[in-house]
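I have placed the structure first, in the form of structure tokens, so that the comments after it can refer back to it.
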Amino acid sequence: MRNIPLLLILLLIINNGCSQDNQSASNWSSLEYDYSNRPVSPQYQYRYTIKIDNKMNGSIRYSFAYDRPAQYVETKNFTIDEERMKLINEAIIHSKVMSEKIESLPTEKIPDGGHIKYFSITLPTDDNQTKLISVPSHPVEEYQQILNNLYDVIDKSVPDDIWKDFEQKKEDYIKSQKD
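Counting from 4, one number per residue, gives the positions in the sequence shown under our numbering.
This is how it looks when you write it as structure tokens:
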């Protein structure tokens, strides 16, 4: 009988800890993920930026060619469902972007070439300002996998039909460059 109050206290402590973790994950205003497939010839470079806010709105800005005019840039908006938003919040917690300072690889260890990924997240502050946390494009190795997991979750938040449309337009553009 004496164990029941102790058990209840323990459960309350655990529940409070879990709710604080969930609260910190959803305590962001917006995030931005930027991907570029460099280095390839400028006409084959593409880039996209995904923006998501804490109200479950998203947008993607896709540039089909690095060296071409704005007619090769397209923006589409989409809505995030609650299940995907929960996955994003969990990936943010797991990535530690809000709780730890993620350092960049030393200059001599940054690979030449390859794709580039940037991530930033905006947090509200107590004085009605915002705080921007940016992740380097080449983080130290201990964070690379968990950040890639976060980026995959963000990529998958964009509806498949938008990705298919962009992929088709990119292929059409590449064909037009070969003609």
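Note that the Cβ used here is the ideal one computed from N, Cα and C, for glycine as well. Nothing here was measured: the structure is a model prediction, and the numbers come from that model.
Whether residue i touches residue j by CB criterion (9 Å)
i: I157; j: I91; result: yes
i: T133; j: P142; result: no
i: S62; j: F81; result: yes
i: Y75; j: I177; result: no
i: T110; j: S33; result: no
Nearest-angstrom Cα separation, counted from residue j out to residue i
i: S160; j: R64; result: 14 Å
i: S27; j: I113; result: Note that S27 scores 47 on pLDDT, short of 50, meaning its location in the model is unreliable and no value can be drawn from it.
i: P162; j: K54; result: 13 Å
i: K79; j: I165; result: 8 Å
i: P139; j: L108; result: 9 Å
i: D37; j: I149; result: 16 Å
i: Q171; j: D130; result: 46 Å
i: N152; j: F169; result: 22 Å
i: D24; j: L135; result: Low local confidence applies: a pLDDT of 41 at D24 is under 50, so the model's placement there is unreliable, with the coordinate-based value given in what follows. Cα to Cα, the separation comes out at about 20 Å.
i: K181; j: K89; result: 43 Å
Among the options, the one whose alpha carbon lies nearest that of residue i
i: Y154; options: D115, G61, D163, Y121; result: Y121
i: E86; options: A94, I124, P109; result: A94
i: E77; options: T52, I83, K89; result: T52
i: V100; options: D84, G117, H118, E145; result: E145
i: S137; options: M88, K104, S179, D175; result: K104
i: Q147; options: M88, I119, K181, L135; result: I119
Cβ-based neighbour list, residue i, same chain, cut-off 8 Å, excluding 5 preceding and 5 following
i: Y49; result: S39, N40, Y65, S66, F67, A68, Y69, K173
i: E106; result: P139, P142, V143
Cβ-Cβ separation, residue j to residue i (assumed contact under 8 Å), whole Å
i: S123; j: E35; result: 5 Å
i: N57; j: W31; result: 6 Å
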